[in-house]
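This report concerns only the one structure given below.
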Amino acid sequence: MVVWCRKAEKEATGSATQPCGRAGKGGRPHHRAWDQRDAQTQGSGQRGPDCPRMMTLRALGVLLLSLLLLWASGMENSRSQTEKPRNVCLGSINEGQYESFHLGSTAECFTKCTQSGNEPCNLENLQRYWLDFEYHLVKSHSNTVNMSFLKAAVQNVSTSISEDLFFSLTSSQVPGQVTEDEHTYPDRVRLPRSLFESLQSNRSEVLLAITILDVGPGNLFKGPQLSRKDGSHVLNNRLVGLSLGSIPVSRLAEPLEITFSHQHLPPNMALNCVFWDATKGDWSSTGCSTELRAKRTVCRCDHLTFFALLLKPILDQDTVKSLIRISQAGCGASMIFLAFTIVLYAALRFYRLRFKSEDAPKIHVALSVSLFLLNLTFFVNVGQGPEPRDAACRARGGIFHYFLLCTFTWMGLEAFHLYLLVIKVFNTYFGHYFLKLSLVGWGLPALIVFGTGSAGSYGRYAIRDQRNVTTLELCWFREKTADSALYTTVHGYFLVTFLFSAVVLGLVAWKIFTLPRATTGREQGPSWKGFLTVLGLSSLVGVTWWLAILTPLGLSTIYVFSLFNSLQGVFIFCWFATLYFPSRSAVTSSSGTGRADQVHTTSHE
Numbered sequence: 005m006v007v008w009c010r011k012a013e014k015e016a017t018g019s020a021t022q023p024c025g026r027a028g029k030g031g032r033p034h035h036r037a038w039d040q041r042d043a044q045t046q047g048s049g050q051r052g053p054d055c056p057r058m059m060t061l062r063a064l065g066v067l068l069l070s071l072l073l074l075w076a077s078g079m080e081n082s083r084s085q086t087e088k089p090r091n092v093c094l095g096s097i098n099e100g101q102y103e104s105f106h107l108g109s110t111a112e113c114f115t116k117c118t119q120s121g122n123e124p125c126n127l128e129n130l131q132r133y134w135l136d137f138e139y140h141l142v143k144s145h146s147n148t149v150n151m152s153f154l155k156a157a158v159q160n161v162s163t164s165i166s167e168d169l170f171f172s173l174t175s176s177q178v179p180g181q182v183t184e185d186e187h188t189y190p191d192r193v194r195l196p197r198s199l200f201e202s203l204q205s206n207r208s209e210v211l212l213a214i215t216i217l218d219v220g221p222g223n224l225f226k227g228p229q230l231s232r233k234d235g236s237h238v239l240n241n242r243l244v245g246l247s248l249g250s251i252p253v254s255r256l257a258e259p260l261e262i263t264f265s266h267q268h269l270p271p272n273m274a275l276n277c278v279f280w281d282a283t284k285g286d287w288s289s290t291g292c293s294t295e296l297r298a299k300r301t302v303c304r305c306d307h308l309t310f311f312a313l314l315l316k317p318i319l320d321q322d323t324v325k326s327l328i329r330i331s332q333a334g335c336g337a338s339m340i341f342l343a344f345t346i347v348l349y350a351a352l353r354f355y356r357l358r359f360k361s362e363d364a365p366k367i368h369v370a371l372s373v374s375l376f377l378l379n380l381t382f383f384v385n386v387g388q389g390p391e392p393r394d395a396a397c398r399a400r401g402g403i404f405h406y407f408l409l410c411t412f413t414w415m416g417l418e419a420f421h422l423y424l425l426v427i428k429v430f431n432t433y434f435g436h437y438f439l440k441l442s443l444v445g446w447g448l449p450a451l452i453v454f455g456t457g458s459a460g461s462y463g464r465y466a467i468r469d470q471r472n473v474t475t476l477e478l479c480w481f482r483e484k485t486a487d488s489a490l491y492t493t494v495h496g497y498f499l500v501t502f503l504f505s506a507v508v509l510g511l512v513a514w515k516i517f518t519l520p521r522a523t524t525g526r527e528q529g530p531s532w533k534g535f536l537t538v539l540g541l542s543s544l545v546g547v548t549w550w551l552a553i554l555t556p557l558g559l560s561t562i563y564v565f566s567l568f569n570s571l572q573g574v575f576i577f578c579w580f581a582t583l584y585f586p587s588r589s590a591v592t593s594s595s596g597t598g599r600a601d602q603v604h605t606t607s608h609e
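If you read the sequence shown in our numbering, its first letter stands for residue 5, the second for the next number, and so on.
In structure tokens, the structure reads:
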């Protein structure tokens, strides 16, 4: 400040060294001329160089500059407050940038973009970012990428190779070319040489990009199929990408093979090879086939893109609800027609005294009663009422098990009676025949249920999908702890009756279709009558239950089983009404089975 004052004073007085005011100690001596000029200046009312005034002006300048700086800082703060925060998960910030930093920050969206929706995400942009990654690899001639969530490699492949190429797909290693040994490399991809030979006319070499991407449990690469909260998911959240950059590859004459290894899966889960269809934003299986093996699944596809192995529960919530509705509708119809069968039998017994002594209709009605009660307990078991207590649930499970075994037993007895009528024919008299059948039909299941209940096998049973979500809960066998009792007393019991009934029905069908040809002096009847006879007998021996063996083939067979099996009562009524009402003689004359029934009945009288 002293220098600035001196400069101002120099401009006013012509002196370059005299400071403002008088010199202090050690300054210049006073001159009379100087004092005299000061006096004149003061006397005339004019002031000379005034250092304090200049200091005031400078202070005002500093203050003005400070105000300007504060105003600029305020504008910057207000602008930063109005700007939206930078969000990588919107997919536009890192677009086209594939350095390690950008890959890592974008990969954080795998866990941020979840069903909770706390983080705003643009799934379409993020998915396109990873789909374009392989194009970047080929374009930039990158060698390898080794990150915790991403393994990728680019290899130069000659289009004139003489054998198929194999690459490992182990999630912990960068993909690399390997030998054909499937035991050493259970996760691998086989690229047929025909794929590269088809490109020989355009180029001698191509760059192949192979990517293994862990998409995590979030919403990325889920699509509508995996957004239903039914337990469907991608195996190990792992995607396998194959690309030749900008070269499109589709409709291969020989498909590529991708092998996914896995542990034994629950029987409720279905595996399906799929690829990501970017046009639909969902998984698709078009052009892919699935081959299931013990601990691995082979996917064969005719194009290159991102692939995955999809796990979907066969019995998800929607499927279970649909199956229950179908079963309830079918069982309701069966109960009505089974009631008609019982009423019709009672009417025939009242109007036809001879009808009381015949055993065949009694067996049909006993089967109808057991099936009616089984359908009734099914309605109670799958009803939407309040959850029963443990004791009540055990009782429900035991009753349901009892009538199920009674139904199986009476279907087996129908086959046994059919064997006596058609196959053995002679020496078929048994004293108290129907009483003995009743002891077996109602007594044997009671003994089995008593033993099973004494072992504490009944309780709550839940069907769950891969993510432990309960899809159906009912009173049945206690899960896990009573598996041996379930397989022995239900599956094993059904298998025995199934094999016996199948053999008998096959022999009866052979008899029906060959008997007219062996009878001399008589015209052969229409074949459709024999077919209808076999069809009617099939409902008695429980052919509709045999469809249960086909249910592991897929969801369609489960629907077929539920539909036809629940209508068994309708089929039994049709057969009973056709056989005994209104004219039994007209029907029995058209089939060997009817004639055999008459012979057997006569032997009891």
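Cβ coordinates follow ideal geometry from the N, Cα and C atoms, glycine included.
Its chain contains N129 and Y133 as the residues whose beta carbon lies nearer than 8 Å to that of E99, once the 5 sequence neighbours on both sides are disregarded; these appear in chain order. Within the region 210 to 248, complete beta strand (DSSP E) segments of at least 3 residues are found at 242 to 247, given in chain order. Closest option to L490, judged by alpha-carbon separation, among I262, Y139, V253 and V453: V453.
Nearest C-alpha to F383 among Q159, S208 and S331: S331. DSSP places M273 inside the beta strand (DSSP E), whose first and last residues are M273 to D281. When secondary structure is reduced to three states using DSSP, G463 falls in the strand class. In the displayed model, K366 falls within a helix according to three-state DSSP. Contact check for S374 against I576 fails: the beta carbons are separated by 8 Å or more. For V453, the enclosing alpha helix (DSSP H) starts and ends at L448 to S458. A Cβ-Cβ distance of about 5 Å is found for the pair K515 and V426, placing them in contact under the 8 Å criterion. In this structure the region 205 to 223 touches the region 103 to 117; the number of beta carbon pairs closer than 8 Å is three or more. With fewer than 16 other CB atoms across the displayed protein chains lying within 10 angstroms of its CB, I553 is exposed. Straight through space, the alpha carbons of G227 and L195 are spaced by roughly 28 Å. No Cβ-Cβ contact shorter than 8 Å links F434 with Y462.
Counting every other CB atom within 10 Å of its CB across the protein chains shown gives T381 a total of 16 or more, marking it as buried. Exposure of L539 is indicated by the presence of fewer than 16 other C-beta atoms within 10 angstroms of its C-beta. Per DSSP, the beta bridge partners of T294 are C303.
For the region 489 to 560, the continuous alpha helix (DSSP H) assignments of 4+ residues that do not extend past its boundaries occur at 497 to 522, 531 to 545 and 547 to 550, in sequence order. Excluding its 5 nearest sequence neighbours in each direction, F407 has C-beta neighbours in its own chain below 7 Å: S374, L377, L378 and T381, listed in chain order.
Between S338 and the set L571, D394, S96 and Y102, the nearest pair of CA atoms involves L571.
Secondary structure of S109 (DSSP, three-state): helix. For N206, there is no enclosing beta strand (DSSP E), as DSSP marks it with neither H nor E. For T323 and Y563, the gap between their C-alpha atoms comes out near 9 Å.
Judged by DSSP secondary structure, V158 falls within the beta strand (DSSP E) whose first and last residues are L154 to S162. Contact between L313 and F264 holds, with the beta-carbon distance rounding to 5 Å and staying under 8 Å. For R192, the number of other beta carbons within 10 angstroms of its own is at least 16, and it is reported as buried.
Beta-bridge partners of C479 (DSSP): R464. Fully enclosed alpha helix (DSSP H) runs of no fewer than 4 residues occupy 394 to 422 and 437 to 442 of the region 380 to 454, in order along the chain.
A distance of 8 Å or more separates the beta carbons of F344 and F310. Taking P252 as reference, the option from L199, E258 and W550 with the minimal CA-CA separation is L199. Taking 8 Å as the cut-off, the Cβ atoms of C479 and F404 count as close.
Cα atoms of S442 and L499: separation of roughly 21 Å, rounded to the nearest angstrom.
The continuous beta strand (DSSP E) containing T148 extends over residues T148 to N150.
Counting the other CB atoms within 10 Å of its CB gives V347 a total below 16, which places it among the exposed residues. The residues R304, in chain order, have a CB closer than 6 Å to that of S293 in the same chain once the five nearest residues on each side in sequence are set aside. Per DSSP, the continuous beta strand (DSSP E) segment holding V193 begins and ends at R192 to L195.
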